[in-house]
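This report concerns only the one structure given below.
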Amino acid sequence: MLAGAGARVVLIVRDRPHSAFAVGETIPPETRHLLDRLGLNCLSAELHLPSAGTVARWGSDVAHLREAILSPFGCGWHLDRPLFERQLIDAAVKSGAVVIEHCARIETKSGPAGWEFRIDRGARQICVISDYAIDCTGRTARLALGAGARRQVHDKLIAIWSVTEESSAHTDPDRRIYLESAPDGWFYSARIPNRRRVLAYFTDGDLCGAGLRSAANFEEYVVAKALHLHKEAGGPHSRIVAGPFRANAASARLVRAYGDRWIAAGDAAQSFDPLSSQGIMTAIIGGNNAAAALIASHSREPCALEKLQADLDARYAAYLSERQTYYRAEQRWAERPFWRRRHRDFPAEDKGSRVGGPAQSGPL
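Read in order, the letters of the sequence shown correspond to residues 52 to 415 in my numbering.
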């Protein structure tokens with residue numbers, strides 16, 4: 052977006068700790084329409100898996116089906132996430148951005164004149180000076196929080212997730228997403244390419260001890276607590292080949308997503324409960340809108356950043372309301388801490404705690 056508008060852009064890509072896998076592998080049908088609008092032809096059945104829909108056991112043991120064929124946007128997608136990220140990086144390069152990858156260590160310093168990035172690539176060091184920084188560091192919001200931003204955190208949700216692989220003799224053709232609620236959280240499973248699945252359990256960090264850190268214990272817990280999901284999604288014909296890993300999955304936002312010569316985008320600005328299926332799509336929208344606001348603020352619209360913030364505030368308020376509606380639909384364990392926390396109303400103010408080919412121009 053920025054490079055297509057004529058800006059000189061450097062995209063700094065830090066090495067991922069678990070680079071072979073990345074949680075956040077399923078996108079809803081609307082994402083394809085969004086990518087098409089941005090001129091990004093990333094999705095094809097040869098590279099990623101079309102999703103057939105969702106099977107949810109939520110509020111009861113009855114399976115609720117949502118078939119992809121009924122969506123006006125077509126099917127959703129189970130991504131080969133590293134490949135998808137590579138496609139987006141390549142699109143940035145094609146637009147004119149300079150990409151610096153495989154960065155083992157990045158030191159940042161900001162001042163009145165802009166930002167300085169010192170990048171360690173083993174034996175070689177690179178220094179980048181920039182007028183502005185867009186913080187796309189995810190939930191860590193490293194640049195924004197380092198620049199004095201404040202974050203509101205609304206829950207303690209974590210994901211315990213693993214990658215399973217099916218035996219070649221029992222390859223499961225089922226490409227549906229599976230959800231199942233449980234007394235202290237909920238389970239999720241989705242196919243990804245190469246006969247693999249992502250299997251995840253979502254609960255609050257203070258409700259989950261250290262017992263699920265081993266693959267054997269995690270698998271045993273899934274078998275005991277997610278009876279339907281375990282049988283329907285891989286089940287006895289699969290084995291854990293990576294994980295379990297733990298990841299922050301809390302709902303959170305920066306009180307203000309911009310400051311002196313910086314803007315936060317994606318999960319750095321606002322992060323969503325994975326139940327909402329908004330993460331990747333909202334990050335793409337957020338990146339586009341942050342770029343559009345920065346371009347506008349330098350040309351015709353001095354209040355562009357304030358308008359960006361107003362849009363972020365409205366989106367997040369709508370998300371919190373929708374999130375509560377979904378969680379209140381499950382009443383079987385209303386007295387358990389996990390569900391009781393999500394059924395209660397948020398205060399009207401300060402919801403949460405405080406912790407330290409060029410794309411079309413314009414917001415989406």
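Using N, Cα and C, we set each Cβ at its ideal position, and we do this for glycine too.
For clarity, every value in this text was computed on a predicted model and none was experimentally measured.
- With a beta-carbon spacing of about 5 Å, Asp182 and Gly165 fall inside the 8 Å limit used to define contacts.
- Looking at Glu152, Ala184 and Ala195, the one whose alpha-carbon comes closest to that of Arg175 is Glu152.
- Residue environment analysis places Val106 among the buried positions, since at least 16 neighbouring C-beta atoms fall within 10 angstroms of its C-beta.
- Using a C-beta cut-off of 8 Å, the region 328-348 makes no contact with the region 378-398, since fewer than three inter-stretch Cβ pairs fall below that distance.
- Looking at the backbone, the Cα of Tyr378 and that of Phe269 are separated by about 24 Å.
- Between Leu258 and Phe389 the beta-carbon gap is near 6 Å, inside 8 Å, which marks them as a contact.
- Taking a contact as a CB-CB distance under 8 Å, the pair Ile157 and Ile170 counts as one, their CB atoms being some 5 Å apart.
- Apart from sequence neighbours up to five positions away, no residue of its chain approaches Ala275 with a beta-carbon distance below 7 Å.
- Burial state of Asn245 is exposed, judged by a 10 Å Cβ sphere holding fewer than 16 other Cβ atoms.
- Taking 8 Å as the cut-off, the beta carbon of Arg190 is found closer than this to the beta carbon of Asn299.
- Runs of beta strand (DSSP E) with 3 or more residues, each lying fully within the region 239-306, are found at 247-255, 289-299 and 303-305, listed in chain order.
- Rounded to the nearest angstrom, the gap between the Cα atoms of Arg366 and Leu359 is 11 Å.
- Burial is judged here by how many other beta carbons sit within 10 angstroms of a residue's own beta carbon; Ser265 has fewer than 16 and is exposed.
- Here Leu94 is buried. Its C-beta has 16 or more other C-beta atoms within 10 Å.
- Relative to the Cα of Glu217, the nearest Cα in the group Val60, Gly330, Met332 and Ser289 belongs to Ser289.
- Counting only runs of at least 3 residues, the region 189-226 fully encloses the following beta strand (DSSP E) elements, listed from N- to C-terminal order: 202-204 and 208-217.
- Remark: C-beta atoms of Ser102 and Ile228 approach each other more closely than 8 Å.
- Of all C-beta pairs linking the region 303-317 to the region 59-66, fewer than three are shorter than 8 Å, placing the two stretches out of contact.
- With fewer than 16 other beta carbons inside 10 angstroms of its own, Val150 counts as exposed.
- Nearest in C-alpha terms to Val113, of all of Leu230, Thr215, Gly127 and Leu85, is Leu230.
- Pairing Cys187 with Phe168, the inter-Cα distance amounts to about 14 Å.
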